[in-house]
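Inspection log for the structure reproduced underneath, given as structure tokens.
Protein chains: 2
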Amino acid sequence: MVDVAVIGVGQTRYGTFPEKDMKELFVEAFTEALADVEKGIDPKGIQEAFIGTLETGGNQLGNVAALMTEQAHVPYIPASRVENACCSSGFAFRDAFMAIKTGMYDIVMAGGVEKMNDLPRERNRYWLGVSGDVEWERLAGTNFPGIYAMIALRHMYQYGTTKEQITGVAVKNHRNAVKNPKAQLRFEITLERAMNSPVLAYPLTLFDACPTTDGAAVAILCRGERVEDFTDTPIYVAGSGAATDYLALHDRKEITHLKAATIAAQNAYEQAGLEPQDIDVAEVHDCFTIAEILAYESLGFAKEGEGGRLVTEGLTEIGGRIPVNPSGGLKAKGHPIGATGVGQVYEIVHQLRGDVKERERRVKNAEIGLTHNVGGSGGTAVVHILKR
Amino acid sequence: MVDVAVIGVGQTRYGTFPEKDMKELFVEAFTEALADVEKGIDPKGIQEAFIGTLETGGNQLGNVAALMTEQAHVPYIPASRVENACCSSGFAFRDAFMAIKTGMYDIVMAGGVEKMNDLPRERNRYWLGVSGDVEWERLAGTNFPGIYAMIALRHMYQYGTTKEQITGVAVKNHRNAVKNPKAQLRFEITLERAMNSPVLAYPLTLFDACPTTDGAAVAILCRGERVEDFTDTPIYVAGSGAATDYLALHDRKEITHLKAATIAAQNAYEQAGLEPQDIDVAEVHDCFTIAEILAYESLGFAKEGEGGRLVTEGLTEIGGRIPVNPSGGLKAKGHPIGATGVGQVYEIVHQLRGDVKERERRVKNAEIGLTHNVGGSGGTAVVHILKR
Numbered sequence: 001m002v003d004v005a006v007i008g009v010g011q012t013r014y015g016t017f018p019e020k021d022m023k024e025l026f027v028e029a030f031t032e033a034l035a036d037v038e039k040g041i042d043p044k045g046i047q048e049a050f051i052g053t054l055e056t057g058g059n060q061l062g063n064v065a066a067l068m069t070e071q072a073h074v075p076y077i078p079a080s081r082v083e084n085a086c087c088s089s090g091f092a093f094r095d096a097f098m099a100i101k102t103g104m105y106d107i108v109m110a111g112g113v114e115k116m117n118d119l120p121r122e123r124n125r126y127w128l129g130v131s132g133d134v135e136w137e138r139l140a141g142t143n144f145p146g147i148y149a150m151i152a153l154r155h156m157y158q159y160g161t162t163k164e165q166i167t168g169v170a171v172k173n174h175r176n177a178v179k180n181p182k183a184q185l186r187f188e189i190t191l192e193r194a195m196n197s198p199v200l201a202y203p204l205t206l207f208d209a210c211p212t213t214d215g216a217a218v219a220i221l222c223r224g225e226r227v228e229d230f231t232d233t234p235i236y237v238a239g240s241g242a243a244t245d246y247l248a249l250h251d252r253k254e255i256t257h258l259k260a261a262t263i264a265a266q267n268a269y270e271q272a273g274l275e276p277q278d279i280d281v282a283e284v285h286d287c288f289t290i291a292e293i294l295a296y297e298s299l300g301f302a303k304e305g306e307g308g309r310l311v312t313e314g315l316t317e318i319g320g321r322i323p324v325n326p327s328g329g330l331k332a333k334g335h336p337i338g339a340t341g342v343g344q345v346y347e348i349v350h351q352l353r354g355d356v357k358e359r360e361r362r363v364k365n366a367e368i369g370l371t372h373n374v375g376g377s378g379g380t381a382v383v384h385i386l387k388r
Numbered sequence: 389m390v391d392v393a394v395i396g397v398g399q400t401r402y403g404t405f406p407e408k409d410m411k412e413l414f415v416e417a418f419t420e421a422l423a424d425v426e427k428g429i430d431p432k433g434i435q436e437a438f439i440g441t442l443e444t445g446g447n448q449l450g451n452v453a454a455l456m457t458e459q460a461h462v463p464y465i466p467a468s469r470v471e472n473a474c475c476s477s478g479f480a481f482r483d484a485f486m487a488i489k490t491g492m493y494d495i496v497m498a499g500g501v502e503k504m505n506d507l508p509r510e511r512n513r514y515w516l517g518v519s520g521d522v523e524w525e526r527l528a529g530t531n532f533p534g535i536y537a538m539i540a541l542r543h544m545y546q547y548g549t550t551k552e553q554i555t556g557v558a559v560k561n562h563r564n565a566v567k568n569p570k571a572q573l574r575f576e577i578t579l580e581r582a583m584n585s586p587v588l589a590y591p592l593t594l595f596d597a598c599p600t601t602d603g604a605a606v607a608i609l610c611r612g613e614r615v616e617d618f619t620d621t622p623i624y625v626a627g628s629g630a631a632t633d634y635l636a637l638h639d640r641k642e643i644t645h646l647k648a649a650t651i652a653a654q655n656a657y658e659q660a661g662l663e664p665q666d667i668d669v670a671e672v673h674d675c676f677t678i679a680e681i682l683a684y685e686s687l688g689f690a691k692e693g694e695g696g697r698l699v700t701e702g703l704t705e706i707g708g709r710i711p712v713n714p715s716g717g718l719k720a721k722g723h724p725i726g727a728t729g730v731g732q733v734y735e736i737v738h739q740l741r742g743d744v745k746e747r748e749r750r751v752k753n754a755e756i757g758l759t760h761n762v763g764g765s766g767g768t769a770v771v772h773i774l775k776r
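Protein chains in written order, with this note's numbering: chain A, 1 to 388; chain B, 389 to 776.
See the structure below:
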């Protein structure tokens with residue numbers, strides 16, 4: 001079997017950038033990824049590209065993968081746009097991994113980009129809404145806060161999870177984001193303030209939701225046999241798992257966990273020959289705070305129904321047993337839809353190399369990391385395990 | 389290296405189906421593909437899906453890959469939407485091929501689907517327009533007929549290609565489509581009628597353009613070692629080549645050929661260890677008639693500038709030296725954007741098996757076939773070589 005490693009990563013700051021278009025954001029991340037390759041790399045050596053984006057409509061640009069590679073001055077290579085809602089670039093990363101696994105290519109890039117803040121709010125809501133079930137949920141008036149609120153309520157009812165635990169995720173992730181110069185929401189919040197923020201859909205309040213974000217991320221992957229040409233600190237992709245689920249909640253047997261994410265995690269662990277307790281650090285898909293608690297359970301960091309306890313006990317803080325979202329997560333680092341999956345890889349690669357610039361944000365001696373990227377309300381999911 | 393074969397294909401009729409939605413079209417093609425697997429197949433054995441669609445906007449559906457697999461009753465498997473404009477499912481087929489090449493999966497499906505005819509014409513024009521260059525071409529008022537007309541004019545000027553040769557492609561492809569019950573435009577046209585049809589953008593007249601089409605196609609791919617479980621007539625994927633190009637014509641050094649398609653073809657031939665003269669039958673991307681002439685040249689069926697002669701000499705007719713678009717092509721079989729690439733595979737698989745139902749449409753003793761699928765005005769392209 002061919003080994004696959006990440007040899008370079010780049011990511012823009014996440015935020016609101018009215019002065020930058022989609023192409024500029026992509027090139028910024030790509031340029032950083034090239035510079036991040038320790039021994040240097042000729043961009044002409046990149047043989048294929050997979051680029052995740054929801055293309056949130058306002059850009060009016062199509063054939064986006066070719067457009068991005070053109071703008072990045074790597075024309076002519078095969079490039080595809082991958083769209084799986086909020087886990088578009090998680091799947092793009094998986095495609096890049098598989099392209100090298102074929103033995104046909106040595107160097108492949110995975111990217112993600114989203115420009116959300118040039119759309120009026122109403123339009124953004126429309127575009128995001130289509131990533132869940134449209135016919136039975138969105139057209140009936142439901143939106144993502146409403147869907148995740150139903151999941152949260154059921155979790156509270158069934159397992160005794162508390163609003164304090166759910167919103168505690170936001171407090172932790174904001175605290176981490178303060179130390180991350182690339183994060184969008186760099187301010188601490190108290191549990192009290194978050195609990196008392198305006199209700200979006202009970203039990204979710206304002207600070208339970210991620211922001212609307214512009215951003216891009218790029219990872220350069222390399223066949224194992226060639227990594228020494230590029231870096232002495234390759235980060236290997238040990239496992240890639242992905243799955244789908246019924247889009248509408250009413251079609252699922254249970255709504256207290258996201259089955260697609262659970263299957264994806266199982267497949268990734270199996271491929272890597274690893275267990276949940278082997279993971280030293282994880283970036284998970286906390287589009288809403290409750291989603292991080294679901295992630296704990298999907299990933300086996302906690303038993304079904306017990307995810308809330310990890311928050312109460314501080315186990316997922318930096319310095320805790322299994323630090324989750326040291327970057328600030330989608331919640332506070334930001335969630336540029338199509339870029340999020342590769343953005344998670346960016347964070348984990350730096351954590352595993354031990355070269356996160358901000359010392360207080362480093363997870364010490366991390367050797368094995370995980371990314372968990374979910375599309376819509378769990379219709380799609382992809383999990384990767386990375387290894388030093 | 390792992391061998392990869394197509395073991396089953398399905399395709400809806402192409403046309404205008406106001407009574408069917410995107411999901412029904414996809415399931416119809418999927419159901420036929422399952423039934424087409426000679427020794428039968430349990431759909432639960434399908435391990436991953438790649439589905440191409442431009443999602444022409446009117447559907448208001450997102451996370452489409454998960455939605456299609458859900459509807460097809462193959463839930464939970466990894467599924468991704470691939471979008472590369474008009475070659476979306478050509479790239480989805482390539483992804484499925486690569487997924488098996490990794491050695492990680494035995495059975496993977498590639499699909500494509502498009503529902504274009506429930507959009508008002510104006511909206512369709514908008515959605516299609518974004519697949520070319522938006523900033524410099526579309527927003528300046530250019531559309532695809534205009535872009536291909538510029539290419540055609542230059543080809544005429546530079547090489548002496550005639551309007552009769554260009555429009556002759558339409559006459560041939562309509563003639564083939566008459567014999568194809570799954571084609572959209574099943575009527576013959578005379579060269580005189582086509583030449584005198586209304587001008588779209590000189591030199592292209594109405595019959596030089598493909599129609600607006602609803603349709604879907606699915607192919608089931610299998611690891612070589614397991615094909616005997618499913619069929620005695622596997623069709624192997626001998627080569628897969630893909631490439632991109634600058635989106636806007638003014639950025640390209642030459643506009644008389646589509647460089648992405650030429651590179652893709654070279655890569656596919658190289659991988660297959662084959663030459664243009666080895667190809668017995670081809671389905672090529674004739675969104676406009678001039679595009680088929682460009683395809684002849686990209687694929688090495690004719691020298692640069694000499695593609696028009698193949699039409700004059702009838703070499704690409706069924707029964708000619710190298711029959712092209714025996715299905716009727718995009719021009720007359722129809723062009724349901726996202727479905728076109730896998731729809732081409734559907735035709736070639738039947739031609740190579742020798743089981744095309746309509747005897748007069750069969751290319752006799754075809755052993756090696758080729759598909760050529762282009763995105764936008766050549767921003768992306770993908771070529772596959774299939775072998776009996």
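All C-beta atoms in this analysis are idealised placements derived from N, C-alpha and C, irrespective of residue type, glycine included.
> Looking at the unbroken beta strand (DSSP E) that takes in Y14 (chain A), where does it start and where does it end?
Replying inline: Element bounds for Y14 (chain A): n/a, residue is neither H nor E.
>> In the DSSP output, which residue or residues are listed as bridge partners for F339 (chain B)?
In response: No statement about residue 339 (chain B) is possible, as the shown extent of chain B runs from 389 to 776 and does not include it.
> For Y269 (chain A), is the classification buried or exposed, using 16 other Cβ atoms within 10 angstroms of its Cβ as the cut-off for buried?
Replying inline: buried
> Per DSSP, what kind of secondary structure is K775 (chain B) in: helix, strand or coil?
Replying inline: strand
> Which partner residues does I439 (chain B) have in the DSSP bridge list?
Replying inline: B:R469 and B:G499
> Cβ of E275 (chain A) less than 8 Å from any chain B Cβ?
Replying inline: no
>> Cutting at 7 Å between CB atoms, please list the residues of its own chain near V178 (chain A), excluding the five before and the five after it.
In response: R186, F187 and E188
> Using a Cβ-Cβ cut-off of 7 Å (strictly less than) and excluding sequence neighbours within five positions of I147 (chain A), which residues of its own chain qualify?
Replying inline: G132, E137, L249 and S377
> Across which residues does DSSP place L204 (chain A) in a beta bridge pair?
Replying inline: A:A201
> Beta-carbon separation of T244 (chain A) and T380 (chain A) under 8 Å?
Replying inline: yes
>> Against chain B, with Cβ distances strictly below 8 Å, would M150 (chain A) count as a contact?
In response: no
>> Please return the same chain residues whose Cβ sits closer than 6 Å to the Cβ of M68 (chain A), not counting the five positions on each side in sequence.
In response: F26 and I51
> I651 (chain B) versus chain A: which residues are under 8 Å apart at the beta carbon?
Replying inline: Y76
>> Can you check whether the C-beta of M504 (chain B) is within less than 8 Å of a C-beta belonging to chain A?
In response: no
> In chain order, which continuous runs of the beta strand (DSSP E) of length 3 or greater are located wholly inside the segment 630-718 of chain B?
Replying inline: 669-671
>> With a threshold of 8 Å between beta-carbons, can S89 (chain A) be considered close to chain B, or not?
In response: no
> Residues in its own chain within less than 6 Å of N267 (chain A) by CB, not counting five upstream and five downstream?
Replying inline: G241
> Distance, Cα to Cα, V281 (chain A) vs L352 (chain A)?
Replying inline: 8 Å
>> According to DSSP, C474 (chain B) sits in a beta bridge with which residue or residues?
In response: B:N472
> How about T649 (chain B) and H760 (chain B): do their beta carbons lie closer than 8 Å?
Replying inline: In the sequence under discussion, the amino acid at residue 649 (chain B) is Ala, which differs from the Thr named in the question. Cβ distance < 8 Å, so A649 (chain B) and H760 (chain B) count as in contact.
> In terms of DSSP beta bridges, what is N373 (chain A) paired with?
Replying inline: A:V382
>> Comparing C-alpha positions only, which one of A:C222, A:A35, A:N176 and A:G112 sits nearest to S88 (chain A)?
In response: A:G112
>> I want to verify the contact list: residues of chain A whose CB lies under 9 Å from the CB of N633 (chain B), in sequence order.
In response: According to the sequence displayed, residue 633 (chain B) carries Asp and not Asn. Those within 9 Å of D633 (chain B) in chain A are A66, E70, P75 and Y76.
>> Cutting at 7 Å between CB atoms, please list the residues of its own chain near F618 (chain B), excluding the five before and the five after it.
In response: I395, V425, E426, K427, I429 and C610
> Which residues of chain A have a Cβ atom closer than 9 Å to the Cβ of G764 (chain B), listed in chain order?
Replying inline: G62, N63 and A66
>> Which residue marks the beginning of the alpha helix (DSSP H) containing G343 (chain A), and which one marks its end?
In response: T340 to R353
>> Bridge partners for G603 (chain B) per DSSP, in chain order?
In response: B:E502
>> Counting beta carbon pairs with one atom in the segment 660-676 of chain B and one in the segment 717-725 of chain B, are three or more of them shorter than 8 Å?
In response: yes
> Hey, how far is the Cα of I293 (chain A) from the Cα of L422 (chain B)?
Replying inline: 39 Å
>> In the DSSP output, which residue or residues are listed as bridge partners for A92 (chain A)?
In response: Answer is none; A92 (chain A) lacks a bridge partner.
> How many Å lie between P120 (chain A) and D483 (chain B) at the Cα?
Replying inline: 35 Å
> So, helix, strand or coil for A626 (chain B), using DSSP?
Replying inline: strand
> Thinking just about the alpha-carbon of each residue, which of B:E671, B:G722, B:V730 and B:G695 is nearest to the one in A754 (chain B)?
Replying inline: B:E671
> Which whole-angstrom value describes the C-beta separation of A65 (chain A) and A49 (chain A), a residue pair presumed to lie in contact below a C-beta threshold of 8 Å?
Replying inline: 6 Å
> Taking E407 (chain B) as the reference, which of B:M504, B:G478 and B:P463 has the closest Cα?
Replying inline: B:M504
>> When you compare the CB positions of T728 (chain B) and K560 (chain B), do they come within less than 8 Å of one another, or not?
In response: no
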